[in-house]
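K.L.:
My structure is below; once you've seen it, I'll send some questions.
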Amino acid sequence: MLKFKPIILLAAILFAVTLLIPSLLVLPFMEEKAGGKLGEELQTEAKEAAAMPTADSAIEVAVYRTALSKTEKLPLDDYLIGVVAAEMPAEFELEALKAQALSARTYYVKQMLSPNKVGVPEGAQLNDTEIHQVFKNKEELKKQWGTDYKWKMKKIADAVKATDGQVLTYDGSPIDATFFSTSNGFTENSEEYWSNSLPYLRSVESPWDLKSPKFRSQEVKTVAEVESKLGVKLPNSAEIGKVISRTSGNRVAKIDIGGKVLTGKEVREKLGLRSSDFSWELKGNNVIITTEGFGHGVGMSQYGANGMATEGKNYQDIVKHYYKGVEISDADSMLNKVTAKK
0 MLKFKPIILL AAILFAVTLL IPSLLVLPFM EEKAGGKLGE ELQTEAKEAA AMPTADSAIE
60 VAVYRTALSK TEKLPLDDYL IGVVAAEMPA EFELEALKAQ ALSARTYYVK QMLSPNKVGV
120 PEGAQLNDTE IHQVFKNKEE LKKQWGTDYK WKMKKIADAV KATDGQVLTY DGSPIDATFF
180 STSNGFTENS EEYWSNSLPY LRSVESPWDL KSPKFRSQEV KTVAEVESKL GVKLPNSAEI
240 GKVISRTSGN RVAKIDIGGK VLTGKEVREK LGLRSSDFSW ELKGNNVIIT TEGFGHGVGM
300 SQYGANGMAT EGKNYQDIVK HYYKGVEISD ADSMLNKVTA KK
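The sequence shown runs contiguously to residue 341 in numbering that gives the first Met the number 0.
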């Protein structure tokens with residue numbers, strides 16, 4: 000009996016190996032099939048998530064294209080992409096672009112809830128100029144950006160999507176989310192440039208703007224042009240005018256020019272200056288004008304927002320710095336009112 004045990008043992012081993020080999024051969028293919036199925040499921044889920052409608056996409060915007068004299072209709076998210084692309088450089092930090100998208104959406108909702116529609120024909124909600132918000136569609140942006148179109152469009156679309164359905168509110172209502180390019184180091188109280196005093200549009204420090212390429216500018220105008228546009232007679236002295244007072248944002252509030260008192264805003268707008276923070280000097284028949292900042296100075300500074308983002312601040316930090324006491328709110332109920340008003 001002992002002589003046959005090795006033979007029996009060998010047979011048993013061979014039998015076991017015969018059973019195991021098919022299993023070992025099939026196992027990798029089973030895993031590959033399972034893995035492939037899982038990958039397909041994940042891809043399907045990702046596509047479904049990307050295709051899901053957003054709060055913005057459910058709203059239709061009617062924007063009047065002034066150069067074409069026609070009204071263009073498109074989803075709110077596409078409109079916001081066109082506004083952000085036209086109003087802020089795509090090279091800016093993503094968080095700054097998100098802040099711009101949030102301000103742009105808030106501006107739109109505020110306009111739609113307002114009974115007064117200025118600067119638009121029947122059937123349009125707002126136009127594509129600075130009267131409302133500058134807007135460019137995708138075809139225009141393709142021509143403008145050329146080979147950079149793909150990455151710039153994706154970046155701005157991501158910024159809009161990240162703030163989907165959000166608006167800035169004060170006491171539960173959407174704010175006037177005004178913005179401008181570059182401050183002189185401070186933003187302005189609303190009533191010091193416009194007529195209304197709004198609690199969220201307060202003067203705040205904005206030191207990041209000092210690094211903006213648009214911070215300081217100089218231009219030359221003739222004495223005759225300045226006198227004609229301002230309706231004054233310039234004194235024949237080194238001091239053209241005497242600044243009577245300055246605003247909280249250190250811009251010219253009032254200035255006396257040859258006995259006529261003008262506001263800094265009046266001087267800026269009549270002479271087409273970049274800012275109401277200006278100084279000037281007489282040289283022969285010319286007036287050399289130096290300005291600091293670019294824009295009206297009320298609300299969010301775009302270059303300031305980018306400076307904050309560069310330092311690691313997120314879009315919530317940015318908007319709450321420039322718009323005092325505001326909340327970031329869900330716009331569903333407000334967007335429903337916009338839809339109901341159509």
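Ideal Cβ placement from N, Cα and C applies to all residues, glycine included.
#1: Is residue 315 close to the ligand NAD? I mean its beta-carbon at under 6 Å from any heavy atom of the ligand.
#2: In chain order, what residues of the same chain lie with their CB nearer than 6 Å to the CB of residue 177, ignoring the 5 residues before and after it?
#3: How big is the Cα-Cα spacing for residue 139 and residue 147?
#4: Can you grab the Cα-Cα spacing for the pair residue 195 / residue 300, in whole Å?
#5: List the endpoints of the continuous alpha helix (DSSP H) containing residue 308.
#6: Nearest to residue 184 by alpha carbon, out of 197, 60 and 204?
#7: Would you call the segment 248-265 and the segment 225-238 in contact, with 3 or more CB pairs under 8 Å?
#8: State the Cα-Cα distance for the pair residue 162 and residue 326, rounded to the nearest angstrom.
#9: Below 6 Å CB to CB, which residues in the same chain sit around residue 168 once its five sequence neighbours on both sides are set aside?
#10: Could you check which residue in 133, 239, 240 and 198 has the C-alpha nearest to that of residue 106?
#11: Which whole-angstrom value describes the C-beta separation of residue 279 and residue 239, a residue pair presumed to lie in contact below a C-beta threshold of 8 Å?
#12: How long is the line joining the alpha carbons of residue 273 and residue 155, rounded to whole angstroms?
#13: Taking contact to mean at least 3 C-beta pairs separated by less than 8 Å, is the segment 308-325 in contact with the segment 110-121?
#14: Please report the residue range of the beta strand (DSSP E) in which residue 204 lies.
#15: Between the C-alpha atoms of residue 211 and residue 93, what's the straight-line distance to the nearest angstrom?
P.N.:
By the coordinates alone:
#1: Of ligands this structure carries none, so the ligand NAD is not represented either.
#2: Scanning its chain for C-beta atoms nearer than 6 Å, with the 5 sequence neighbours on each side dropped, one finds around residue 177 the residues 297 and 298, in chain order.
#3: Distance between the alpha carbons of residue 139 and residue 147: 13 Å.
#4: If you draw a straight line from the Cα of residue 195 to the Cα of residue 300, it comes to about 19 Å.
#5: From DSSP, the alpha helix (DSSP H) with residue 308 extends over 301-309.
#6: Distances from the CA of residue 184 to each of 197, 60 and 204 were compared; the closest alpha carbon is that of 204.
#7: Yes, the segment 248-265 is in contact with the segment 225-238.
#8: The C-alpha of residue 162 lies about 13 Å from the C-alpha of residue 326.
#9: Close CB contacts of residue 168 within its chain, under the 6 Å cut and outside five residues either way in sequence, are with 326 and 328 (chain order).
#10: Nearest C-alpha to residue 106: 133.
#11: Between residue 279 and residue 239, the beta carbon gap of about 5 Å places them in contact (Cβ cut-off 8 Å).
#12: Going by the C-alpha atoms only, they are around 27 Å apart.
#13: Under the Cβ criterion (8 Å, minimum of three pairs), the segment 308-325 does not count as touching the segment 110-121.
#14: Judged by DSSP secondary structure, residue 204 falls outside any beta strand (DSSP E); it is assigned neither H nor E.
#15: If you draw a straight line from the Cα of residue 211 to the Cα of residue 93, it comes to about 17 Å.
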